[in-house]
Amino acid sequence: MLDEDIHPIIDDFGFEENNEILYAVAKIANKVVEDVASRYIDPILKSLNGIRGALNIAVFNGGRDDFASILAVDSTWTKPFVELVVGDIAVISTGYVIVAPAGIGSHGISYIALRRSSINESSFNDDVELDAKIMEFLTARKKMAKAVDVVMLDGSLYFSTTPEFFDPLDSVDVIKAKSRLSGPKLASLASTTLIKMLREADASSIPVVGVVKRVSSRFLLPILSNAGLKDVEDVLIKTNDKLLMSFTLRSGEYMVFNSYLEMLKQYLSYEIRKYIKIKRARKVLEILEKCYSTENTLLQELCSYMDNTAILFYKHLGDSVYPQAIRLDVYPRKAVEKVVSYVMYNTSHNCVPIPIDYVDRYIRLESSFVKKIYRILKAYTKNIETSIALSPTNPQKYYLFESM
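Here is the structure:
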């Protein structure tokens, strides 16, 4: 009887977009566009000559230089998470593609993990990201061989704003530890896994490149501050390096900072002076200042890798669908020249090096996968109690799963 009362009402509303909301969003969006232009873009364009004068920008005039074999590694996870009564669940997939000038060679899915949110659900997204990064480092280490000339990873090599990243765990079984750790300890495990991967890359003389698509860094703030570019400094405090460099660099130009470690220390010192997120910045800076005097040999090794990692911003030759600067973390820094010669000619219209574009398409999980995960969980459910625990936390919106 209750179902008969409710269902006609739901059916009357249907599941189409609410035109009132759509109209309101359109009005707000127009204001957002105007706000972005006036607050962020215009100050950069007005000070462009000053910005370019403050930065050591180089013009690429070399020839094309291909790597014979590139190992590209990426990971992805379900978005949105599967939101259940028992907690959120994410499926994480990590894969690799080996790319040669002639095209794609061997490829495969290296790890699949299912992670459930713990007590602190607010940090779950960070846990998923760290879990995925650990699996990327493991994949790179496992697939690295002398036949590979360079390793490309999706994302920065370092979780540099997380204090626990600078406390690597010693002598752990990474796979076992990954499944039971969460929060700060997971960052420590990511650090350990990265060190082991870079150690093997060093032994085989294989450069490692982190392709940073979603740039949140503001490493350029101290430079702008010292140059007296106050309006642009104010913009960068609220945005990121990628926005600034996307307007500053021209096609075929690039800029290199030789030490990730020094750039990070300068930025953290700036943060402390400006009272931005001061507590975390001070904690990380205190660790970095003791890098080479500490008895923690793993931290010394990590700092050495960071010091020998260059930060590269570039705009490739050719057209793009969304013209923008790209940031790369290049280890060791002596590999920068060859990396620049490669990426200038081998960056896709999506503004990422082509091998990363390949692996991203290979391992991608579409949003419709959320529905499939829920159906698989239901298929294995054998009693009403488990069914309750694995039911959607918001049944009212279950139709979102069904409509994907």
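Going by numbering that gives the first Met the number 0, the sequence shown runs without a break in its numbering and finishes at 403.
The beta-carbon is built from N, C-alpha and C at its ideal position, and this holds for glycine as well.
Here the structure is a predicted model, which is why all the values come from computation and not from measurement.
Using alpha carbons as the reference points, say which of the options lies closest to residue i.
{"i": "asparagine 295", "options": "Gly209, Lys195, Leu284, Phe165", "result": "Phe165"}
{"i": "tyrosine 313", "options": "Arg51, Ala57, Ile50, Pro42", "result": "Ala57"}
{"i": "aspartate 130", "options": "Ala144, Leu364, Lys142, Leu113", "result": "Leu113"}
{"i": "phenylalanine 158", "options": "Gly209, Ile174, Ser178", "result": "Gly209"}
{"i": "leucine 152", "options": "Met134, Ala144, Thr160, Leu185", "result": "Met134"}
{"i": "tyrosine 341", "options": "Phe66, Glu252, Ile111, Ile91", "result": "Phe66"}
{"i": "alanine 89", "options": "Pro100, Ser116, Tyr95, Tyr110", "result": "Ser116"}
{"i": "serine 390", "options": "Ile20, Lys195, Gly251, Val81", "result": "Val81"}
{"i": "glycine 52", "options": "Ile222, Lys78, Val127", "result": "Ile222"}
{"i": "valine 214", "options": "Leu287, Ile310, Ser303, Glu261", "result": "Ile310"}
{"i": "serine 303", "options": "Ile205, Lys377, Tyr259, Ala189", "result": "Tyr259"}
{"i": "glutamine 323", "options": "Ile375, Thr247, Tyr361, Asn345", "result": "Thr247"}
{"i": "arginine 363", "options": "Asp87, Thr93, Pro206", "result": "Thr93"}
Locate the alpha helix (DSSP H) running through residue i, then write down its first and last residues.
{"i": "methionine 305", "result": "296-306"}
{"i": "tyrosine 341", "result": "335-342"}
{"i": "alanine 200", "result": "183-202"}
{"i": "valine 32", "result": "18-35"}
{"i": "leucine 376", "result": "368-379"}
{"i": "glutamate 135", "result": "123-142"}
{"i": "tyrosine 272", "result": "Inspection of the sequence shows that residue 272 is occupied by arginine rather than by tyrosine. Start and end: 259-273."}
Applying the criterion that 16 or more other CB atoms from any shown protein chain within 10 Å of the CB defines a buried residue, is residue i buried or exposed?
{"i": "valine 409", "result": "Residue 409 lies beyond the stretch modelled for the chain, which goes from 0 to 403, so this question has no answer here."}
{"i": "proline 167", "result": "buried"}
{"i": "serine 105", "result": "exposed"}
{"i": "isoleucine 27", "result": "exposed"}
{"i": "valine 320", "result": "exposed"}
{"i": "valine 149", "result": "buried"}
{"i": "proline 352", "result": "buried"}
{"i": "glycine 102", "result": "exposed"}
{"i": "isoleucine 91", "result": "buried"}
{"i": "serine 181", "result": "buried"}
{"i": "aspartate 11", "result": "Caution is warranted here: a pLDDT of 46 is assigned to aspartate 11, below 50, making its placement in the model unreliable, and the coordinate value is therefore given only provisionally. Counting Cβ neighbours within 10 Å, aspartate 11 comes out exposed, since fewer than 16 surround it."}
{"i": "aspartate 2", "result": "Note on aspartate 2: pLDDT 42, under 50, position unreliable in the model; the coordinate value appears next. Result: exposed."}
{"i": "glutamate 33", "result": "exposed"}
When you compare only the Cα positions, how much space is there between residue i and residue j?
{"i": "glutamine 265", "j": "asparagine 29", "result": "38 angstroms"}
{"i": "valine 98", "j": "threonine 385", "result": "45 angstroms"}
{"i": "isoleucine 325", "j": "leucine 284", "result": "26 angstroms"}
{"i": "threonine 238", "j": "glycine 107", "result": "36 angstroms"}
{"i": "asparagine 257", "j": "leucine 267", "result": "17 angstroms"}
{"i": "glutamate 300", "j": "cysteine 290", "result": "9 angstroms"}
{"i": "lysine 241", "j": "alanine 200", "result": "28 angstroms"}
{"i": "serine 216", "j": "valine 35", "result": "19 angstroms"}
{"i": "threonine 75", "j": "lysine 282", "result": "30 angstroms"}
{"i": "leucine 228", "j": "glycine 49", "result": "7 angstroms"}
{"i": "isoleucine 194", "j": "alanine 139", "result": "12 angstroms"}
{"i": "asparagine 17", "j": "alanine 25", "result": "12 angstroms"}
{"i": "lysine 142", "j": "alanine 186", "result": "23 angstroms"}
{"i": "threonine 160", "j": "leucine 298", "result": "15 angstroms"}
{"i": "methionine 262", "j": "lysine 145", "result": "31 angstroms"}
{"i": "lysine 132", "j": "proline 183", "result": "14 angstroms"}
{"i": "serine 245", "j": "asparagine 55", "result": "15 angstroms"}
Looking at the unbroken beta strand (DSSP E) that takes in residue i, where does it start and where does it end?
{"i": "serine 74", "result": "69-76"}
{"i": "alanine 99", "result": "86-99"}
{"i": "isoleucine 111", "result": "102-115"}
{"i": "glycine 251", "result": "Looking at the DSSP string, glycine 251 is not in any beta strand (DSSP E), and its letter there is neither H nor E."}
{"i": "valine 214", "result": "No beta strand (DSSP E) contains valine 214, which DSSP labels as neither H nor E."}
{"i": "methionine 151", "result": "149-153"}
{"i": "isoleucine 310", "result": "309-313"}
Quick one: what's got a C-beta closer than 7 angstroms to residue i's C-beta in the same chain, skipping five residues either side?
{"i": "lysine 337", "result": "Asp64"}
{"i": "threonine 380", "result": "Ser386, Leu389"}
{"i": "tyrosine 95", "result": "Leu70, Ala71, Val72, His106, Gly107, Ser109, Thr138, Lys142, Val358"}
{"i": "leucine 376", "result": "Leu389"}
Using C-beta distances below 6 angstroms, list every residue in its chain close to residue i, excluding the 5 sequence neighbours before and after it, in chain order.
{"i": "proline 354", "result": "Ile69, Ala71, Val98, Met151"}
{"i": "lysine 272", "result": "The residue you asked about is not lysine; residue 272 is arginine in the sequence shown. Same-chain partners within the cutoff: there are none."}
{"i": "proline 162", "result": "Lys282, Val283"}
{"i": "serine 122", "result": "Gly182"}
If you drop the 5 nearest sequence neighbours on each side, which residues of the same chain put their C-beta closer than 8 angstroms to that of residue i?
{"i": "arginine 249", "result": "Lys314"}
{"i": "aspartate 233", "result": "Pro42"}
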